[in-house]
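In what follows, a structure is listed as structure tokens, so that the remarks can point back to it.
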């Protein structure tokens, strides 16, 4: 639910106001139905649950030629706090899982550059620690401690696969940090119109 929660909150926030069909179209554009297993029913359920939790509020309803009236939502102040909490956790913590990390990536531009770098560097440290742990498993499988049964040689293939995968992620993260440090992307402290932020209201 957390990945769906982050995606739905972030999408409503990005649009300023949105109904379920608009949220669904945005998430389909990001292929979230594939990597987060988000279905139309889960989107509408999340909208209602977020509203019940006080994180979204119903603004109005719109007539629809395709069926019932559409409820239009916008994010609340409490929802803003939840959005940034989920986003920070998704980007910084490897324990949040790949679906949460993917859910956070579309919204990195809603953060200030320094904050984003802190979160990504925290993830790098955790990823390095995970890689070191896998190397220990590989070493132990090659030379087991005295009195310990050895692992079949082919089991090392599993550990090696883990290490190759996590090393690739680590290299990608370090490259991304370098690009963010060099000024890539328009982030929240570069412009209030950075992608993912609510539309700016015209002056009265």
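Residue numbers (the numbering used here): 86 to 289. Backbone N, C-alpha and C define an ideal beta-carbon position, used for all residues, glycine too.
For residue 128, the closest of 271, 218, 211, 91 by C-alpha to C-alpha distance is 91. Within the DSSP bridge table, the entry for residue 103 names 158 as partners. Separation of residue 217 and residue 256 (C-alpha to C-alpha, rounded to the nearest whole angstrom) is 14 Å.
For residue 93, same chain residues with a beta-carbon under 7 Å away, outside a window of 5 residues either side, are 108, 128, 131, 132, 135 in chain order. Taken through DSSP and simplified to helix, strand or coil, residue 271 comes out as coil. Contact between residue 244 and residue 265 fails: their C-beta atoms lie close to 31 Å from each other, not under 8 Å. Close CB contacts of residue 156 within its chain, under the 7 Å cut and outside five residues either way in sequence, are with 104, 143, 146 (chain order).
Annotation for residue 183: the continuous alpha helix (DSSP H) segment containing it runs 183-189. Check the Cα spacing between residue 140 and each of 180, 249, 198, 169: the tightest is with 169. Note that the C-beta distance between residue 281 and residue 195 is below 8 Å. The DSSP-derived three-state label of residue 132 is helix. Residue 211 and residue 179 have their C-alpha atoms roughly 7 Å apart. DSSP places residue 206 inside the alpha helix (DSSP H), whose first and last residues are 198-227. Taking the C-beta atoms as reference points, residue 284 is found no nearer than 8 Å to residue 164. Proximity to residue 209 across 188, 251, 237 peaks at 251, based on C-alpha coordinates.
Rounded to the nearest whole angstrom, the C-alpha separation of residue 185 and residue 207 is 16 Å.
Taking a C-beta distance under 8 Å as the contact criterion, residue 262 and residue 204 do not qualify as a contact pair. The beta carbon of residue 274 sits closer than 7 Å to the beta carbons of 197, 198 from its chain, once the five residues preceding and following it are set aside; these are given in chain order. When the alpha-carbon of residue 126 is set against those of 241, 89, 116, 114, the nearest one is in 89.
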